[in-house]
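> Take a look at this one; I'll ask things after.
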Amino acid sequence: MTDYLYRVRITAYPDGALRPVHYLGSEEVAFLQPVPGWSPPGWKPEGNYIKMLGTSEFVWPTTNKIYRSRSTAKKRAELLESFGATAAIERSSKITWPHV
Numbered sequence: 025m026t027d028y029l030y031r032v033r034i035t036a037y038p039d040g041a042l043r044p045v046h047y048l049g050s051e052e053v054a055f056l057q058p059v060p061g062w063s064p065p066g067w068k069p070e071g072n073y074i075k076m077l078g079t080s081e082f083v084w085p086t087t088n089k090i091y092r093s094r095s096t097a098k099k100r101a102e103l104l105e106s107f108g109a110t111a112a113i114e115r116s117s118k119i120t121w122p123h124v
């Protein structure tokens, strides 16, 4: 049984990948959003990418999944890092189940 769960978080995106969005009348950055047309150097859609995602533009791989093994989380982190991001693998607290 798995004692821990893992997730991957992007801690930094490559320069130019995101742009700040401000709320009307505010100088404070509300959030960051992908820059339309940005893609990692040398990237191009391959295979059935366009059919699966409905676009030929680069889309960042999701980071909202939970992994049962560190090695699987590491594969996702390596994929993100291959596109120029910096990723961190986070481990949960130890999972304990009540005795029944």
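In the numbering used here, each residue's number is its place in the sequence shown (first place is 1) plus 24.
Backbone N, C-alpha and C fix where the C-beta goes; we use that ideal spot for every residue, glycine too.
Can you tell which of I90, A112, H123, L42 has its C-alpha closest to the C-alpha of Y28?
Per the Cα distances, I90.
> Is the segment 115–122 in contact with the segment 36–47, if contact means three or more CB pairs nearer than 8 Å?
As far as the Cβ criterion goes, the segment 115–122 does not touch the segment 36–47, which means the pair count is below three.
> Is it right to say L154 is buried, meaning 16 or more other beta carbons lie within 10 angstroms of its own, or is it exposed?
Because the chain in this structure spans residues 25 to 124, residue 154 falls outside the shown range and cannot be described.
> When you compare only the Cα positions, how much space is there between D147 and R31?
As shown, the chain starts at 25 and ends at 124. That puts residue 147 outside it, with no answer to give.
> Indicate the three-state DSSP secondary structure (helix, strand or coil) for E114 in the structure shown.
In the structure shown, E114 sits in a strand (DSSP, three-state: E or B).
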